[in-house]
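What follows is one structure encoded as structure tokens, with my remarks underneath.
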Amino acid sequence: MPFSRSGISISIIYELVAQFIFTIPTFQKHKIHDFRGLIYGRDYIFEPIEGLKKGYMTAQCKGVKRGDWIILEDDSRSYRYQVEQIDYYSEPSDMWIALLNQAIVEET
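Under numbering that gives the first Met the number 0, the sequence shown has 85 at position 86, and the numbering climbs by one with no breaks.
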């Protein structure tokens, strides 16, 4: 066998190939969470800082992660924010507070 002469066994090659396949980074697609149409003060709270460029948001819904997008509405304008940091409460487990960074301002 040609591999045995170089000191590399088939099992080592198999193990290296398997490690490579299972450690290839998977690109996570960030979700968009649309809060337009929901009621401020009941469904969520948004506390702006630095004008509307950043803000803290508290809401109760599952699945929001760092990097996700959140769309909020004020009057006829939509504001798109990206989740910079998020911390989930222990009770209820689907309630969270997040630091958001404004990404895009759209007219609706």
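C-beta: ideal position from N, C-alpha, C; glycine also. On a predicted model such as this, the values are computed, not experimentally measured, just so you know.
Check, Outcome
"If you scan the segment 51–86 from start to end, which runs of the beta strand (DSSP E) of 3 or more residues do you find wholly inside it?", "53–59 and 68–73"
"If you count every other CB in all the chains shown that lies within 10 Å of the CB of Y80, and 16 or more means buried, which is it?", "buried"
"Assign D67 to buried or exposed, taking buried as 16 or more other Cβ atoms, counted over all protein chains shown, within 10 Å of its Cβ.", "buried"
"Quick one: grab the DSSP three-state call for I38.", "coil"
"Helix, strand or coil: which one does DSSP assign to E14?", "helix"
"With hydrogens ignored, establish whether the beta-carbon of I44 is closer than 7 Å to any heavy atom of the ligand ZN.", "No copy of the ligand ZN appears in this structure; indeed no ligand is present at all."
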